[in-house]
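Chains as they are written, first to last, in the working numbering: chain A, 1 to 132; chain B, 1 to 284. Glycine included, every Cβ here is placed at the ideal spot set by N, Cα and C. Quick notes on the structure that follows.
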Amino acid sequence: MSKQRLLIPALLAGLALSLAGSPVVADDSCTDDGSVCVTNMKNASFRPNKKSTKKDRRKRGKGAAGTLNVSINNGRGSVFVNGRYAGTAPLEYYSIPSGKNDIQIRDGMIVLAEGLLAVPRGKTLTMTVRHP
Amino acid sequence: MAPPSALVRCVSLASAAALLLATPVSAAPPPVSPATAQANRTPVQQRSQVQIAAGDALSAAMELDAAAAGSGDPVLYLDAADAYFAAADASRDTSALDVGRERVKVALDILYFLRDPASSDSWRPVSSSELGGLTSRANEYLQRAAELQTAIESESDLVSAPTEVDEPRPARPGRVLIISGAALTGLGAAGLVMGATGLIVGGNAQREADDPTVYGDAIDDVDARGKTANTLAWGGLIGGGVLAGAGVALMVLGLKKKKSAGGDAMARVQVSPTLGGLLVRGRF
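What follows is the structure in C-alpha cells.
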C-alpha cells in the first residue's frame with residue numbers, strides 16, 4: 001500500500017521535472033545528404049525517391065488534412081504535390097491530404113527534391129530544401 | 001430494454017459514425033485538361049488585353065498573375081510576365097521586370113514538370129504538343145528581360161552621370177577688384193559714420209561736463225561717456241577712412257582694367273581704299 005501511495009506522486013514529480021528541465025525542441029528529420037529536412041513528429045517522414053503505391057493512394061486523405069510549409073535555402077523553386085502544381089516556395093499553409101503524398105520540388109530543369117511525404121492527420125509539417 | 005453493454009456499443013458506433021462524417025476528408029481535385037484550362041484562361045486574357053490597351057499594363061499583369069497562381073496555368077504565368085515587362089518598359093522601372101522574370105521561371109518549372117512522369121494525367125493545363133513552343137517562348141522572355149534591364153539601367157546611369165563641364169564663363173576683367181573695392185568702401189563708410197557719431201556724443205558729453213550743475217557721480221558718468229565717444233570717433237574716422245580709401249582705390253583699378261579690356265575689343269581701326277587713296281577710321 002505504501003509503495004502505491006508513493007508511486008503516483010513520484011510519477012507526477014518526474015513528469016513535472018521532465019517538462020521543466022528539458023526544453024521542447026521540434027527537431028527536424030533530415031535525409032542522409034541533408035538536402036531535405038522535415039519536422040520531426042510521429043508518423044511524419046520524407047522518403048527520397050520513393051513513389052506512392054496504389055494502397056498509399058487509397059488511404060490518402062482518409063483523415064483530417066494536414067498543412068504543409070515549404071522553404072528553399074539558397075535558391076528558388078516550385079512545389080508539386082501528387083502530380084499537380086501546389087505553389088512556389090516559400091509555400092505556406094498549403095492544405096495537403098493526410099497520409100503518403102508524392103512530392104517534387106524543382107527549379108526549372110533541376111529537381112531539388114522528390115519523394116514520399118507522410119503527413120499525420122491534422123498536423124502541420126515544415127519542409128526545408130537546400131538548393132545545390 | 002437492451003442490456004447496457006449493447007447500448008454502449010450502439011452509442012459508440014453512432015459517435016464514431018458522426019465523427020467520421022464530421023471530419024473533413026480530402027476530396028480529389030477536379031481534373032484539368034487543355035480544353036478546360038483554355039476555357040478558364042480566355043476571359044482573363046481578354047480582360048487583360050483591354051487593360052493593356054488602356055495603358056494599364058501593371059493591373060493586367062496582377063490580374064493574370066493571380067489567375068495563374070490559382071490554376072498553375074503556365075500560359076497565364078507567361079502572359080503575366082509579358083504584361084509585367086510592358087509595365088517595366090513603360091515606367092522604366094526594373095522592379096516590375098524582376099517580378100516578370102520570376103513568373104517566367106515559374107512557368108518553366110511547370111512546363112518541365114509536365115514533361116516529368118511524376119506529373120498527373122488528370123492535370124494537363126497544356127497539351128504535350130504545346131510544351132516545346134511554350135518553353136521557347138519562356139526562354140525568349142528571359143532574354144527579353146535581360147535586354148530590357150540593360151536598357152533601363154543604362155538610361156539611369158546616363159541620368160545620374162555628372163553633367164559635362166560647362167564651358168568656362170568668359171572672364172570679366174576687373175570684376176573682382178570692383179566687388180572687393182565696393183565692399184571695403186562700404187565698410188569704410190560705416191566706420192566713418194561711427195566716427196561721426198562718436199564726435200557728436202563726445203561733444204554732448206563735453207557740454208554736460210562744462211555745466212556747473214553736474215558734479216559728483218554724474219561727472220564720472222559724463223567722463224566715461226566722453227571717453228567712449230572719443231574712442232569711437234578716433235577709431236571710426238581713422239579706420240573708416242582707411243577702408244574707404246582702399247575700397248575706392250580697388251574700384252578705380254577694377255574699372256580701369258575693365259575699360260582697358262573693353263577698349264581693346266572695341267578699338268577698331270579701319271583702313272579702306274577709296275577712289276582717291278586710303279580712308280582710315282578708328283574708335284578708341
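- Counting other Cβ atoms within 10 Å of its Cβ, alanine 107/B reaches 16 or more and is therefore classed as buried.
- Taking valine 193/B as reference, the option from Ser160/B, Ile219/B, Ile178/B and Gly235/B with the minimal CA-CA separation is Gly235/B.
- With fewer than 16 other beta carbons inside 10 angstroms of its own, glycine 186/B counts as exposed.
- Looking at the DSSP output, glutamate 114/A bridges to Gln104/A.
- Put simply, the backbone Cα of aspartate 27/A is about 14 Å away from that of phenylalanine 46/A.
- In this structure, serine 98/A and glycine 61/A form a Cβ contact; the two beta carbons are roughly 6 Å apart against a cut-off of 8 Å.
- Between the C-alpha atoms of threonine 36/B and serine 128/B there is a straight-line separation of about 15 Å.
- For glycine 66/A, the secondary structure class from DSSP, reduced to helix, strand or coil, is strand.
- As computed with DSSP, tyrosine 94/A is found in a beta bridge with Leu68/A.
- Contact between the region 107 to 121 of chain B and the region 65 to 75 of chain A is absent: fewer than 3 CB-CB pairs across the two stretches fall below 8 Å.
- The residue among Ala249/B, Glu102/B, Gln49/B and Gly203/B with its C-alpha nearest the C-alpha of alanine 183/B is Ala249/B.
- DSSP places valine 32/B within a strand segment (E or B) once states are collapsed to three.
- Annotation for lysine 257/B: Pro173, Gly174 and Leu177 place their beta carbon closer than 8 Å to its own, counting only its chain and skipping 5 residues before and after.
- One Cα belongs to glycine 115/A, the other to serine 71/B, and the distance between them is close to 23 Å.
- At a beta-carbon threshold of 8 Å, the residues of chain B lying near aspartate 102/A are Ala118, ordered along the chain.
- For proline 43/B, the three-state secondary structure derived from DSSP is helix.
- A contact between stretches requires three or more CB pairs, one per stretch, nearer than 8 Å, and the region 57 to 77 of chain B meets this requirement with the region 97 to 105 of chain B.
- Annotated as proximal: proline 120/A and alanine 44/A, with beta-carbon spacing under 7 Å.
- When the beta-carbon positions are compared, alanine 87/B and alanine 61/B come within less than 7 Å of each other.
- Residue Glu63/B holds the alpha-carbon nearest to the alpha-carbon of glutamine 46/B among Gly133/B, Arg124/B and Glu63/B.
- With a threshold of 7 Å between beta carbons, leucine 108/B makes contact with chain A.
- Neighbourhood of methionine 109/A in chain B, by CB distance below 7 Å: Tyr112, in chain order.
- Of the other Cβ atoms in all chains shown, fewer than 16 fall within 10 Å of the Cβ of threonine 150/B; this residue is therefore exposed.
- Distance from the Cα of alanine 118/B is smallest, within the candidate group Gly87/A, Met127/A, Lys55/A and Asn49/A, for Asn49/A.
- It is roughly 27 Å from the alpha-carbon of leucine 68/A to the alpha-carbon of alanine 81/B.
- In the structure shown, methionine 109/A adopts coil according to DSSP, grouped into three states.
- Counting only runs that start and end inside the region 51 to 77 of chain B, the alpha helix (DSSP H) elements of at least 4 residues fall at 57 to 71.
- In this chain, the alpha helix (DSSP H) harbouring methionine 194/B covers 175 to 210.
- In terms of beta-carbon proximity, glycine 55/B stays away from the interface with chain A, with every pair separated by 7 Å or more.
- Residue contact with chain A for glycine 72/B: present (Cβ-Cβ distance below 7 Å to some residue of chain A).
- Contact between alanine 66/B and tyrosine 84/B does not hold, since the beta-carbon distance rounds to 13 Å and is not under 8 Å.
- The beta carbon of glutamate 155/B is closer than 7 Å to those of Arg92 in its chain, skipping five residues each way along the sequence.
- Contact annotation, serine 29/A with valine 129/A: C-beta distance approximately 14 Å; criterion of less than 8 Å not satisfied.
- In terms of Cα proximity to serine 122/B, the closest of Pro29/B, Gly241/B, Asp217/B and Asp223/B is Pro29/B.
- Against chain B, the CB of arginine 130/A has no partner CB under 7 Å away; the residue lies outside that interface.
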